[in-house]
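Residue numbers (the UniProt record's numbering): 1 to 210.
Written out as structure tokens, the structure is:
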């Protein structure tokens with residue numbers, strides 16, 4: 001969901017030793033943190049994550065996915081799970097805003113909005129799948145056929161190494177929800193129903209609009 005050089009294979013991240021993902025995964029979290037806990041608080045979180053180099057200098061190119069993992073871990077440790085999830089959800093919404101404004105061509109958006117929701121969803125998922133490595137990194141992204149629609153992310157950076165009694169991939173859920181509400185149906189909800197942080201084999205998201 002970020003544009004950059006390179007291409008994934010069947011929804012799986014490219015094979016670099018350290019997979020790289022779009023900078024929105026850092027930028028939008030940092031912006032949401034500053035709005036919520038202030039500049040000093042946001043800078044402390046970046047320091048906790050070992051990302052001091054991004055203070056006042058947020059990335060404009062693809063980033064090492066391990067940086068995203070560390071940032072989410074630092075948020076959970078300093079802010080607590082529920083607060084960190086709220087920050088991630090806000091960052092996901094603004095990532096969706098960015099993609100709608102800068103990455104999805106206006107003509108494509110017009111066509112999707114004219115289609116029935118099921119057809120629009122299929123086309124949108126097809127486009128997302130082609131660029132899945134830009135947000136899943138070294139993880140694997142798959143869309144599951146059926147009703148309701150579901151998609152999975154296995155081995156992604158957000159849940160990596162996390163242990164929780166609730167799902168933790170709110171960033172993904174909110175990003176997809178924002179896109180689907182704008183392009184498929186304003187009634188869309190995206191809910192993470194399984195998560196690797198819970199011990200599940202993959203993070204599973206359910207997409208509904210009726």
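Glycine is no exception: its CB is placed at the ideal position from the N, C-alpha and C atoms.
CB of residue i within 7 angstroms of CB of residue j, strictly
i	j	result
residue 68	residue 186	no
residue 151	residue 205	yes
residue 28	residue 119	no
residue 167	residue 196	no
residue 23	residue 59	yes
residue 30	residue 137	no
residue 40	residue 78	no
residue 70	residue 50	yes
residue 74	residue 45	yes
residue 184	residue 121	yes
residue 182	residue 100	yes
Expected contact under 8 angstroms - CB spacing of residue i and residue j to nearest Å
i	j	result
residue 132	residue 155	Going by Cβ atoms, the distance from residue 132 to residue 155 rounds to 12 angstroms, so no, they are not a contact pair.
residue 21	residue 65	5 angstroms
residue 164	residue 81	6 angstroms
Counterpart residues of residue i in DSSP-defined beta bridges
i	result
residue 150	144, 206
residue 20	64
residue 188	The partner list for residue 188 (beta bridge, DSSP) is empty, contrary to what the question assumes.
residue 194	204
Sequence-distant residues of the same chain with beta carbon closer than 6 angstroms to residue i, five excluded per side
i	result
residue 190	173, 176, 177, 205, 207
residue 96	175, 178, 179
residue 117	184, 185, 209
residue 202	152, 154
residue 144	150
residue 200	194
residue 76	84
residue 72	158
Contacting residues, own chain, Cβ-Cβ under 8 angstroms from residue i (five flanking each side not counted)
i	result
residue 54	26, 30, 46
residue 109	100, 182, 183
residue 94	28, 31, 32
residue 98	24, 28
residue 161	69, 73
Cβ neighbours of residue i in the same chain (closer than 7 angstroms, five flanking residues each side left out)
i	result
residue 113	183
residue 5	Bear in mind that a pLDDT of 35 at residue 5, under 50, signals an unreliable position, so the model cannot answer this.
residue 42	30, 33, 34
residue 148	206, 207, 208
Check whether the region 31 to 44 touches the region 86 to 101, counting contact only when three or more Cβ pairs, one atom from each stretch, lie closer than 8 angstroms. yes
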